[in-house]
Amino acid sequence: MKCPMCNRPLKSQKSITKGIGPVCERKLEKLKDNADEDQIKMELDENAPPKGQMKIDDFLKEGSAT
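Counting with our numbering, you get residues 925 to 990 for the letters of the sequence shown.
This is how it looks when you write it as structure tokens:
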């Protein structure tokens with residue numbers, strides 16, 4: 925069996941079980957949380973409705989006003 929990242933043969937049983945070599949595994953861990961420079965990062969406020977969408981309370985108030 926070979927490492928899918930570097931194509932080197934996997935020798936230890938641990939590496940074979942994981943399906944990746946130890947060096948490539950460390951490299952992958954370092955890259956895991958780093959976004960690419962050209963990647964768009966999107967942060968959302970969980971409590972705010974999407975732009976252009978009203979909250980249910982505002983909708984109910986608007987409906988009772990008519």
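Cβ coordinates follow ideal geometry from the N, Cα and C atoms, glycine included.
I need the straight-line Cα distance from residue i to residue j, nearest angstrom please.
{"i": "V947", "j": "E967", "result": "32 Å"}
{"i": "E949", "j": "K956", "result": "10 Å"}
{"i": "Q977", "j": "D960", "result": "31 Å"}
Run through DSSP, which three-state label would residue i get?
{"i": "P946", "result": "helix"}
{"i": "K935", "result": "coil"}
{"i": "K926", "result": "strand"}
{"i": "K965", "result": "coil"}
{"i": "G987", "result": "helix"}
{"i": "D957", "result": "coil"}
Applying the 10 Å Cβ sphere with the 16-neighbour rule, what's the burial state of residue i?
{"i": "G943", "result": "exposed"}
{"i": "L934", "result": "buried"}
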